[in-house]
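First the structure, in the form of structure tokens, and then the observations on it.
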């Protein structure tokens, strides 16, 4: 048995080809991997760019919506004030920015109102119940102002001068009368009562509140009862003397024809204000002006003559149940400056018309729980001629656009100082 033995021969060309094939495959895999990385980076960048674009678009849209909302709200405010021309201008700008801005504004306002409503706050006790609960701890029937050691209050800090707590009860009541003053500033009295227990009891004195009620309705119109005078004052209808009742009247007026285009005719929106000021002394002032309230109410602080507002009517008022009756006259400067003298007429003198003296009788109905609204109830004018003839003319007040209700506006300058005690 013979065995064949020998060296195995290897072809160098085949080895080189194999190495080249391996290099080609590795290069292809590297290129494929690089392509994959570049593709992933490109996709990632596109996502970032798209998110950035969306964010920019959202910011632009939110900016437009906020700007349009502001313009729309300005238009609503102008419309409520009667400036219809400016309101249309703001509405037009808002709709140009966002066509459905009215719906978005309505949804935004509704959402904000629903968010502000907290169900836990609905169960709060009203002020009347809080007043009753607080009164349980204070003996208001006896009104013993002395709290501790014969004093109405305690000193918070030591001082060398005489403290308010050393004053007797009669002096404190007199100080509170000056606080209320002759203008019936009951709000200042309520602020004083919130200082301490002694001031709270002193401000609930029946003497004070009975004088306030008598000054408000008169001695014959106040029911003499043993009830709480303060509660009687709060619940009975009355007018508020520490401010001004204001009403705004708006109407359309046709203008003149154009000079070049006779078919064009302008329309004007005219608005003016009526002002009523009630004084605690029973005097009432009524003025009518196109000037805004900011420049008129300060001139009605006093009932001096001549009036700052031209055409101001003076008169007296009286409260009867839930109505206030006013009798007003317009004073004539000619009669005041020129007293009546005996006049002689010639036979050939022409006829001169003398305007009759007019009295405006107005009745308002007191509305709202806080007496902050007056509605027209009746209005008639009595003309008095020189020959003694009187003629009454009833004024139609059914049109609420011509005779809108009055709304109360407090004026801080009316009660800034006290000139006389209660």
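Numbering (UniProt numbering), first residue to last: 1 to 422. No residue lacks a Cβ here, since even glycine has one placed at the ideal position from N, Cα and C. Everything numeric in this text was worked out from a predicted model, so none of it was measured.
Selection 31, 42, 313 evaluated against residue 278 yields 313 as nearest (Cα-Cα). Residue burial annotation: residue 420 is exposed, with fewer than 16 other C-beta atoms found within 10 angstroms of its C-beta. Here DSSP, grouped into helix, strand and coil, assigns residue 402 to coil. Exposure of residue 281 is indicated by the presence of fewer than 16 other C-beta atoms within 10 angstroms of its C-beta. For the 9 Å CB-CB criterion, residue 173 and residue 207 form a contact.
In the same chain as residue 65, and ignoring 5 residues on each side of it, the C-beta atoms closer than 7 Å to its own belong to 98, 104, in chain order.
The distance from the Cβ of residue 241 to that of residue 273 is about 19 Å, inconsistent with a contact at the 8 Å cut-off. DSSP, reduced to helix, strand and coil, places residue 201 within a helical segment of the structure shown. Taking every protein chain shown into account, the CB of residue 94 has 16 or more other CB atoms within 10 angstroms, so this residue is buried. According to DSSP, residue 393 shares a beta bridge with 381.
With a cutoff of 9 Å on beta-carbon distance, residue 317 and residue 372 are scored as not near each other. Remark: three or more beta-carbon pairs, one from each stretch, lie closer than 8 Å, so the region 409 to 418 and the region 184 to 204 are flagged as touching. Less than 9 Å separates the beta-carbon of residue 192 from that of residue 176. Residue burial annotation: residue 400 is exposed, with fewer than 16 other C-beta atoms found within 10 angstroms of its C-beta.
Remark: three or more beta-carbon pairs, one from each stretch, lie closer than 8 Å, so the region 231 to 240 and the region 359 to 379 are flagged as touching. Contact between residue 324 and residue 364 holds: their C-beta atoms lie close to 5 Å from each other, under 8 Å. If you check the CB distance, residue 309 and residue 299 come in under 9 Å. For residue 91, the enclosing alpha helix (DSSP H) begins and ends at 84 to 97. Annotation: the continuous alpha helix (DSSP H) that includes residue 172 extends over 169 to 180. DSSP places residue 314 outside any alpha helix (DSSP H); the residue lies instead in the beta strand (DSSP E), whose first and last residues are 313 to 320. When beta bridges are read from the DSSP output, residue 410 appears opposite 243. For the pair residue 248 and residue 271, the Cα-to-Cα distance works out to about 7 Å.
DSSP, read as helix, strand or coil, puts residue 276 in strand.
Counting only the Cα atoms, residue 301 lies some 39 Å from residue 159. Of 388, 367, 392, the smallest CA-CA separation from residue 361 is found for 392. Straight through space, the alpha carbons of residue 269 and residue 83 are spaced by roughly 7 Å.
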